[in-house]
Amino acid sequence: MDAQLLLSGIIFGLSIGSIFFLMAIGLSLCFGLMRVISLDQLLYYSIGGYLTYTVSVGTGSVWLGVLAGLVVAGITAFAVERFVFRRIYDRDVAFSMITTFGILIGGVGVIKAIWGLVPRPVAMPAGDQVDILGTFVPGYRLIVIVVAILVYVAIWLFLNRTIVGKAIRAGIEDVDHVEGLGINVYRLFTITFIIAGTLSGLAGGLHAPLIMVDPSMGLEVIALVFMVVIIGGLGSIKGTAVSALLVGQVMSLGSLIYAPLAQMAPFAIMLLILLIKPTGLYGSPLLKR
Amino acid sequence: MFEAFKWWRGLLIAFGLLALMRVVVPLPFANEVVIFSIYTIGCSFLLGRVGFISFGQPAYLAIGAYGTGFYLFYFGTNPFVGLLVGIAAGFVAAAIVGPLFVRLRSDYFALVNLALAVIVFYLMQKVLADVTKGDNGLWFLTNIASTPVLDISRPDQFFIFATLVAFFVWAFYKYLDDTLFGACCLATKINEDKLQFLGYSNFKVRLLAFVIANTTTALAGGLYAVYLGFVSPDMTSPARAADPVIVTILGGAGTLYGPLVGTIAYTGMKDVISKLIGNWELFIGFLLVFIMLAGEKGIVGTIEPWLKRIVSRRKAGSRQA
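As they're listed, the protein sequences go chains X and H.
Mapping the first sequence onto the numbering used here, position 107 (from 1) lands on 107, and the numbers just tick up by one.
Mapping the second sequence onto the numbering used here, position 91 (from 1) lands on 91, and the numbers just tick up by one.
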């Protein structure tokens, strides 16, 4: 295959991987710290997408829409944490999985009631093509990649340089000891959950111009996002980033070779990795509880 | 004799009521309920008895359905043989993936199964499109021959057959509960270390449970294929992966009649609510959250103790008199 196709394939894969990374990082943090599998992150993703649509139609600016999307997603996440998660932290993982799935499909029902069933297109901001090594790639995809890199750096700084971030990292290792030090872990949980929800909202907002927003957009990516988290290892930020890149490239380059591979190859890889290393690439046995 | 009757009594009442339901509700609804409840009991057994939550049940359903479908489309015409082929396909598939899957922890297990469902979906839709006819599906309703005793190509006779099958499936699961194996399943859910200590292999118990549950699921798939007269990849679409889990939770995970009650409630609600407000996900979703927060017992899990209390009070009353 020629170099131009390959390069645009790689850029495409990177941008898809960036979206997956933004979504998966929330799931990964939630599992690492609170030991819950929060399927409702996919709901915040849909909320982000839909608000981007509404605000961009109203004001003409997609960026304003993305901002509104992530703020509302964060607020919704806060409410859900308050009313539902507080009651299920001490239950086992499968329990949170089923409960949050209920929240997800309930939320999809709300979205259907508000916005209807018809898929809505979102205008592409920064629609210019950018010339890289003689290949023209859509500028918007490059912006998505840059945003994901900025988020990764910001999360890394937050977790390694601030006291709250350090407490969260300590909580991932051993939450009981953190509580023993006199830190209010439930406040940490709330902060983590809001960060996770906000990032999912951001992912939805950024993804909206690339696809059409429709009520089941969360359900469509659910399996892929999960796979990113699982391949990387639950609870590891670095692992999530690596596996998001991997999955993005496998999807994009795989579809260049043989179209059905785009959907299937990542799952085959996940099966393979799990069977060889049941904790994922960077997941440590420490996470077993 | 009386003891034996006592053992069968609950089953007879439950399926007697199910057969009575046939008079009240439309036939397609009754058929859907019977097949879906067989589909769900495998999931319920895995979740409630063995502690495995699986979001991949559609994979096994589709394997059973396609097993039956291939036989009826390409090779033969006898629906009973088709069903057996479907069951065999499900058994083989479960026996192959089982040893790999049951080693995993419950949360990973759910996701690996989901991955399998997606793989089966794309296999059937794209990769094997030459054989499976892709999204169009296989249509073989006219291929199904009428059989002399129970003509299951006709929906009304199919209901009788499916109910009989369901009855024996339930009897089998009730029997499992009484055996040592049933106790081992429960033990591996509650405390795997202790089970190991008692000299049983967690792996073997889980593997056997996994194969049994998913063979049952494949049976439901075969029944769907015969009843609808076609199979399509839509059956295993990832968007429907959670249906059996929802029904299981709704009915009460691990209870014997949970899948039956849950299916009736779920299918009924889907029918009624989608007519009323056209937005049944909203309702089902929040109902699920409510049930989980209220103590995850489900309908049967809530009613059962209450029923038992009434029965025991009546017994006590009759003794006094």
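All C-beta atoms, glycine included, are put in the ideal place defined by N, C-alpha and C.
The C-beta separation of Phe52/H from Leu46/H comes to about 5 Å, placing the pair in contact by the 8 Å criterion.
In chain order, Leu275, Pro278 make up the part of chain X whose C-beta sits under 9 Å from the C-beta of Arg103/H. Looking from the CA of Thr40/H, the closest CA among Asn214/H, Trp280/H, Leu128/H, Phe283/H belongs to Asn214/H. Residue nearest to Leu219/H within the set Val272/H, Ile35/H, Leu176/H is Ile35/H (criterion: CA-CA distance). The beta carbon of Tyr227/H lies closer than 7 Å to those of Asn31, Ile35, Phe158 in the same chain, with the five residues before and after it left out. Judged by DSSP in its simplified three-state form, Arg120/X adopts strand.
Every beta strand (DSSP E) of 3 residues or more that sits fully in the segment 133 to 207 of chain X is shown, in chain order, as 135 to 138. Residue contact with chain H for Met23/X: absent (no Cβ-Cβ distance below 7 Å to any residue of chain H). Per the C-alpha coordinates, the member of Ala316/H, Phe290/H, Ile310/H, Arg314/H positioned closest to Phe95/X is Phe290/H. No Cβ of chain X is located within less than 7 Å of the beta carbon of Met269/H. For Met124/X and Phe109/H, the gap between their C-alpha atoms comes out near 39 Å. Comparing alpha-carbon positions, the option among Leu157/X, Leu67/X, Ile163/X, Ile11/X lying closest to Ser200/X turns out to be Leu67/X. DSSP, reduced to helix, strand and coil, places Val213/X within a strand of the structure shown. If the five residues before and after Gly13/X are omitted, its C-beta is found closer than 7 Å to the C-beta atoms of Gly248, Gln249, Met251, Ser252, Leu253, all from its own chain and listed in chain order. Take the alpha-carbon of Gly232/X and the one of Leu271/X: they are about 13 Å apart. The residue among Asn184/X, Ser38/X, Gly204/X with its C-alpha nearest the C-alpha of Tyr53/X is Gly204/X.
Residues of the segment 278 to 298 of chain H whose Cβ lies closer than 9 Å to any Cβ of chain X, in chain order: Gly278, Asn279, Trp280, Glu281, Leu282, Phe283, Ile284, Gly285, Phe286, Leu287, Leu288, Val289, Phe290, Ile291, Met292, Leu293, Glu296.
Val231/H carries a strand assignment under DSSP once its states are collapsed to helix, strand and coil. A residue is called buried when at least 16 other Cβ atoms come within 10 angstroms of its Cβ; Ser146/H does not meet this threshold and is exposed.
When C-alpha distances from Ala24/X are compared across Asp214/X, Gly116/X, Gly197/X, the shortest belongs to Gly197/X. When the Cα atoms are used, Ala154/X and Ala79/X turn out to be separated by approximately 24 Å. The CB of Val300/H never comes closer than 7 Å to any CB in chain X; the least such distance is about 17 Å. Near chain H, meaning a CB-to-CB distance below 7 Å, the residues of the segment 72 to 87 of chain X are Val84, Arg87.
Inclusion of Gly229/H and Leu116/H in the CB contact set at 7 Å is not warranted, their separation being larger than that value. For the segment 120 to 132 of chain H, the beta-carbon criterion of a distance under 7 Å to any beta-carbon of chain X is satisfied by Tyr122, Lys126, Val127.
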